[in-house]
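Novice:
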Amino acid sequence: KQEVTQIPAALSVPEGENLVLNCSFTDSAIYNLQWFRQDPGKGLTSLLLIQSSQREQTSGRLNASLDKSSGRSTLYIAASQPGDSATYLCAPGALMGGGNKLTFGTGTQLKVEL
Amino acid sequence: DGGITQSPKYLFRKEGQNVTLSCEQNLNHDAMYWYRQDPGQGLRLIYYSQIVNDFQKGDIAEGYSVSREKKESFPLTVTSAQKNPTAFYLCASSMSGLVATQYFGPGTRLLVL
Numbered sequence: 091k092q093e094v095t096q097i098p099a100a101l102s103v104p105e106g107e108n109l110v111l112n113c114s115f116t117d118s119a120i121y122n123l124q125w126f127r128q129d130p131g132k133g134l135t136s137l138l139l140i141q142s143s144q145r146e147q148t149s150g151r152l153n154a155s156l157d158k159s160s161g162r163s164t165l166y167i168a169a170s171q172p173g174d175s176a177t178y179l180c181a182p183g184a185l186m187g188g189g190n191k192l193t194f195g196t197g198t199q200l201k202v203e204l
Numbered sequence: 016d017g018g019i020t021q022s023p024k025y026l027f028r029k030e031g032q033n034v035t036l037s038c039e040q041n042l043n044h045d046a047m048y049w050y051r052q053d054p055g056q057g058l059r060l061i062y063y064s065q066i067v068n069d070f071q072k073g074d075i076a077e078g079y080s081v082s083r084e085k086k087e088s089f090p091l092t093v094t095s096a097q098k099n100p101t102a103f104y105l106c107a108s109s110m111s112g113l114v115a116t117q118y119f120g121p122g123t124r125l126l127v128l
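Below you can see the structure in the form of structure tokens.
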């Protein structure tokens, strides 16, 4: 059974700082890994999807890396802004009935302060 | 605007009552999913559907039922057999395949009276 751990559980940083969020997973038989953000009381917003054959993926100030063999992914946020405050979730995806089953961690709650 | 809509935003259930949560998407996605989110826990998969008229149980299907009569719609019924239904329910959809991004709706919060 896939288990996903995200460290740290919470993080508070001053605006402008670069930061790294960590995700580890126990089963390396994955096809992809998605990073999401969730604002309080809202649904999830997809940030990045990394295919298992890729090492990293970039979107704007976000860069996600994947080391499938060691069961790790990191999300790098450059020049953090108060609008980046949210909970960040990682979810490795594996085969499920021909489709993609995501297993979620409990997230890292990020606060970016002025 | 393309997207996923869920209704209602808040739903109250009385003891012994079945309630239905709506999920609609206009993204032309084949696959749809229902997740449950509880405080301090990761999202857990309730049911998923890869195609119309077919659906499969996820990790926590007991006490729930679904239907998939149209591509756009995947309603979830929380039955009276679900003894602890209070949670935030999220619907998602994706294209078919193993590397398709899942997109989420805004969620429905279910509370028990």
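Protein chains in written order, with the working numbering: chain A, 91 to 204; chain B, 16 to 128.
The beta carbon of each residue, even a glycine, is placed where N, CA and C say it ideally should be.
Values in this document were obtained by computation on a predicted structure and should not be read as measured data.
Could you tell me the alpha carbon to alpha carbon distance between B:Glu87 and B:Ser37, rounded to whole angstroms?
Specialist: Taking the straight line joining both Cα atoms gives about 11 Å.
Novice: For the beta strand (DSSP E) holding A:Ile120, just list the boundary residues, first then last.
Specialist: Looking at the DSSP string, A:Ile120 is not in any beta strand (DSSP E), and its letter there is neither H nor E.
Novice: For B:Gln52 and B:Tyr104, what's the separation of their Cα atoms in angstroms?
Specialist: Roughly 6 Å separates the two Cα atoms.
Novice: Please classify A:Tyr178 as buried or exposed, where buried requires at least 16 other C-beta atoms within 10 Å of its C-beta.
Specialist: A:Tyr178 should be labelled buried.
Novice: Starting from A:Tyr121, find everything on chain B with Cβ-Cβ shorter than 7 Å and list it in chain order.
Specialist: Correct list: Leu113, Val114.
Novice: Taking only beta carbons into account, state which residues of the stretch 39–60 of chain B come closer than 7 Å to chain C, listed in chain order.
Specialist: Going by chain labels, chain C is absent from the structure shown, which instead holds the protein chains A and B.
Novice: Give the residues of chain B in contact with A:Gly150, contact being defined as C-beta atoms less than 9 Å apart.
Specialist: Going along chain B, no residue has its Cβ under 9 Å from A:Gly150, so there is no contact; the nearest lies around 16 Å.
Novice: Taking Cβ-Cβ distances shorter than 7 Å, what residues in chain B pair up with A:Leu191?
Specialist: The amino acid occupying residue 191 of chain A in the given sequence is Lys; Leu does not appear at that position. Under the 7 Å cutoff, chain B gives Leu60.
Novice: By DSSP, does A:Gly173 sit in helix, in strand, or in coil?
Specialist: DSSP places A:Gly173 in helix when its eight states are reduced to three.
Novice: Would A:Thr148 and A:Ser155 be called neighbours here (beta carbons separated by less than 7 Å)?
Specialist: Going by C-beta atoms, A:Thr148 is not nearer than 7 Å to A:Ser155.
Novice: According to the neighbour-count rule (16 or more other Cβ atoms, all chains shown, within 10 Å of its Cβ), is B:Val34 buried or exposed?
Specialist: Buried.
Novice: For a contact meaning CB atoms closer than 7 Å, what does B:Gly120 contact in chain A?
Specialist: Within 7 Å Cβ-Cβ: Gly133.
Novice: Would you please state the rounded distance, in angstroms, between the beta carbons of A:Phe126 and A:Ser142? I believe it to be under 8 Å.
Specialist: About 18 Å; that fails the 8 Å criterion.
Novice: From the DSSP output, read off the bridge partner residues of B:Met47.
Specialist: DSSP lists B:Ser64, B:Ser108 as partners of B:Met47.
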